[in-house]
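Protein chains: 4
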Amino acid sequence: MKPEALGESPAAFKTRRRVEFRDTDAAGIVHFSAFFFWMESAEHELLRAAGVDVFHRQQDGGESSWPRVSASCDYRSAVRFGDELEIGVQVAALGRSSVTYRFVFEHAGRLVAEGRVVAVRCLLGPGGRLEPAAIPESIAARLVAAAGGPPGTSG
Amino acid sequence: MKPEALGESPAAFKTRRRVEFRDTDAAGIVHFSAFFFWMESAEHELLRAAGVDVFHRQQDGGESSWPRVSASCDYRSAVRFGDELEIGVQVAALGRSSVTYRFVFEHAGRLVAEGRVVAVRCLLGPGGRLEPAAIPESIAARLVAAAGGPPGTSG
Amino acid sequence: MKPEALGESPAAFKTRRRVEFRDTDAAGIVHFSAFFFWMESAEHELLRAAGVDVFHRQQDGGESSWPRVSASCDYRSAVRFGDELEIGVQVAALGRSSVTYRFVFEHAGRLVAEGRVVAVRCLLGPGGRLEPAAIPESIAARLVAAAGGPPGTSG
Amino acid sequence: MKPEALGESPAAFKTRRRVEFRDTDAAGIVHFSAFFFWMESAEHELLRAAGVDVFHRQQDGGESSWPRVSASCDYRSAVRFGDELEIGVQVAALGRSSVTYRFVFEHAGRLVAEGRVVAVRCLLGPGGRLEPAAIPESIAARLVAAAGGPPGTSG
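Chains as they are written, first to last, in numbering that gives the first Met the number 0: chain A, 0 to 154; chain B, 0 to 154; chain C, 0 to 154; chain D, 0 to 154.
Written out as structure tokens, the structure is:
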């Protein structure tokens with residue numbers, strides 16, 4: 000089943016964070032890897048806001064999680080230690096078991112970076128391996144709602 | 000000037016590294032961010048092998064470096080703590096001031112991940128800002144040679 | 000000059016943060032290194048609350064910062080992805096140019112870890128090297144006040 | 000049982016690594032946290048050299064590992080991107096279930112940092128929790144031998 004594109008609505012889940020020293024490098028700016036950590040944490044904030052389990056490991060071995068199958072980032076301008084970032088998250092597409100997130104990072108109204116992550120809902124299968132599982136309707140609906148809704152309903 | 004595609008030659012710069020504990024996460028596997036660190040370090044090994052400065056900051060403020068403008072990774076299979084990775088690096092395209100690297104990660108003959116990074120050669124400009132600078136012929140030639148050469152010349 | 004011990008007052012600067020996935024490891028718990036990042040960020044929050052520069056690099060090369068000369072942590076119990084931590088920071092001692100911070104990490108009322116960091120105030124000297132510099136009275140006073148005050152004045 | 004101090008013999012397990020860009024920060028030098036990662040990886044290299052399991056998780060839930068109960072580092076001089084470090088590891092003390100490692104970091108013959116880590120051998124207990132377990136004689140002997148032997152026997 001092809002992912003259903005949801006367009007890039009102006010509405011989005013928003014979060015903020017400040018650049019920590021651990022995220023800088025010897026060039027004096029934020030290391031490019033930091034954006035991938037920030038995307039993951041923003042995704043997790045969105046999941047929590049939607050009331051969806053992020054990562055769950057049970058004592059008996061059961062587990063649900065959202066491993067990623069791809070991640071990318073385009074860097075538009077530099078940010079430095081102490082800068083505050085505004086991060087927007089959208090659900091750009093929903094497949095049977097996958098969700099595509101789009102991230103926009105801004106600082107003081109200036110575009111800093113844009114990223115994209117494809118995550119797959121997985122459950123622990125009988126053989127002890129994580130296996131993709133369909134995203135239930137209710138989870139899909141809550142994700143889209145928390146991320147600002149599909150294009151037609153936003154703004 | 001459009002980047003000149005060099006194809007994806009079988010020849011490539013090869014390096015190896017073992018998964019460290021710092022690179023794992025609570026899902027028991029390597030965290031997706033680790034591949035971006037490994038790409039950067041493999042790129043730096045290639046630059047060193049080619050005799051090209053990786054990052055150079057002078058006391059008087061001069062600086063040359065290769066900041067990245069985009070990075071992406073597709074994850075094919077999981078690796079775990081202690082696994083040894085073989086990393087291949089190719090120069091996939093060369094522009095006036097940019098170089099596109101392609102990375103292939105394998106473990107025990109199995110494809111683990113594929114990545115792509117676009118880095119831009121920068122020098123510190125008069126206003127104290129990093130500015131893109133043309134890649135000199137000699138550096139371009141050494142990079143391509145160290146990465147296994149353009150398609151026509153490879154094994 | 001010997002550092003002046005300030006004791007371990009019950010008053011302290013408090014901050015909170017949630018365990019992110021990047022901070023976990025394959026043992027399923029938080030990696031021991033994460034506490035050092037969290038100590039640094041809590042210290043920086045305290046400095047900001049006190050109105051003290053954390054790290055400042057000027058275009059003309061001037062720089063002030065607080066490099067650390069030692070750091071330690073004792074681990075009392077494990078925390079996991081998603082757990083919320085309460086972090087207390089105290090100024091345990093003040094020397095001519097050094098400040099010793101003590102950190103206490105708790106989760107849901109349970110002691111998780113205790114740490115200690117000694118940082119030294121440095122300025123960029125004439126030879127282009129960071130050199131220890133006396134902590135001005137006003138900065139010392141603001142630090143102690145923001146961290147809850149010396150023992151005699153605390154609740 | 001009190002840990003048995005082994006002194007600080009001149010003999011030690013030695014390893015090397017080069018400072019990666021990920022390990023630097025905006026002050027232009029190595030971030031203080033990097034030494035904790037390097038200590039852990041040097042410890043793991045020592046365990047491997049001694050033929051001792053570092054971290055082992057079985058499909059049925061069994062697990063052995065060496066979580067740390069304390070870690071500390073004293074910083075003597077700075078290192079920068081690209082610098083090569085020589086790391087010495089000694090077994091400074093052995094308790095019933097704990098091992099204390101001492102680490103010395105040098106660059107080009109200059110002392111960079113000294114660290115200490117106390118790790119505890121743990122096995123997964125019946126209640127699904129990691130519990131300290133006695134270090135078998137054979138493992139203790141191999142650890143000490145790989146780390147250069149007790150004081151009396153070293154060069």
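All C-beta atoms in this analysis are idealised placements derived from N, C-alpha and C, irrespective of residue type, glycine included.
Distance check for residue j and residue i, CA to CA, integer angstroms please.
i: Leu122/B; j: Phe36/A; result: 28 Å
i: Leu129/C; j: Pro135/D; result: 48 Å
i: Ile138/B; j: Ser97/C; result: 46 Å
i: Val53/D; j: Ile86/B; result: 24 Å
i: Gly124/C; j: Asp24/A; result: 22 Å
i: Arg16/B; j: Ala41/B; result: 10 Å
i: Asp68/D; j: Ser32/D; result: Here the sequence assigns Val to residue 68/D, which means Asp is not the residue at that position. Taking the straight line from one Cα to the other gives about 17 Å.
i: Lys13/A; j: Ala91/A; result: 15 Å
i: Ala48/D; j: Asp82/B; result: 16 Å
i: Ser63/D; j: Ile28/C; result: 14 Å
i: Tyr74/A; j: Asp22/C; result: 24 Å
i: Ala26/B; j: Ala70/B; result: 24 Å
i: His43/D; j: Thr99/B; result: 35 Å
i: His30/C; j: Phe104/C; result: 14 Å
i: His55/A; j: His55/D; result: 21 Å
Look at residue i and residue j and say whether their C-beta atoms are less than 7 Å apart.
i: Val88/D; j: His106/D; result: no
i: Met38/A; j: Phe102/A; result: yes
i: Ala118/C; j: Trp65/C; result: yes
i: Phe20/C; j: Cys72/C; result: no
i: Ala145/A; j: Leu84/A; result: no
i: Arg120/C; j: Ala132/C; result: yes
Which residues does DSSP pair with residue i in a beta bridge?
i: Asp73/C; result: Glu113/C and Ser69/D
i: Arg47/A; result: None, per the DSSP bridge assignment.
i: Val29/C; result: Thr23/C
i: Glu83/D; result: Arg17/D
i: Arg141/D; result: The partner list for Arg141/D (beta bridge, DSSP) is empty, contrary to what the question assumes.
i: Val88/D; result: Phe12/D and Phe102/D
i: Ala133/B; result: DSSP output for Ala133/B lists no bridge partner at all.
i: Ala41/D; result: BP columns for Ala41/D are empty, so no partner.
i: Ala118/A; result: Arg67/A and Val98/A
Could you tell me how far apart the beta carbons of residue i and residue j are, in whole angstroms, since I believe they sit closer than 8 Å?
i: Ser76/A; j: Arg115/A; result: Wrong, their Cβ atoms sit about 18 Å apart, outside the cutoff.
i: Gly94/A; j: Ala11/A; result: That pair is no contact at about 20 Å.
i: Leu142/D; j: Val18/D; result: Their Cβ separation, rounded to whole angstroms, is 28 Å, which puts Leu142/D and Val18/D out of contact at 8 Å.
Name the chain B residues that come within less than 9 Å of residue i, Cβ to Cβ?
i: Pro66/A; result: Ala26, Ile28, Phe31, Tyr74 and Ala77
i: Phe20/D; result: Phe36, Glu39, Ser40, His43, Val53 and Phe54
Can you name the residues of chain A whose CB is closer than 8 Å to the CB of residue i?
i: Ser69/B; result: Ser71, Cys72, Asp73 and Tyr74
So which residues on chain A does residue i lean against when the C-beta distance must stay under 9 Å?
i: Tyr81/C; result: Residue identity check: residue 81/C is Gly in the sequence provided, not Tyr. His43, Arg47, Val53 and Phe54, listed in chain order.
For a contact defined as C-beta to C-beta under 7 Å, what are the partners of residue i on chain C?
i: Thr23/B; result: Asp24 and Ala25
Check whether chain E comes within 7 Å of residue i, counting only Cβ atoms and requiring the distance to be less than that.
i: Pro131/C; result: The chain inventory of the structure shown lacks chain E, comprising the protein chains A, B, C and D.
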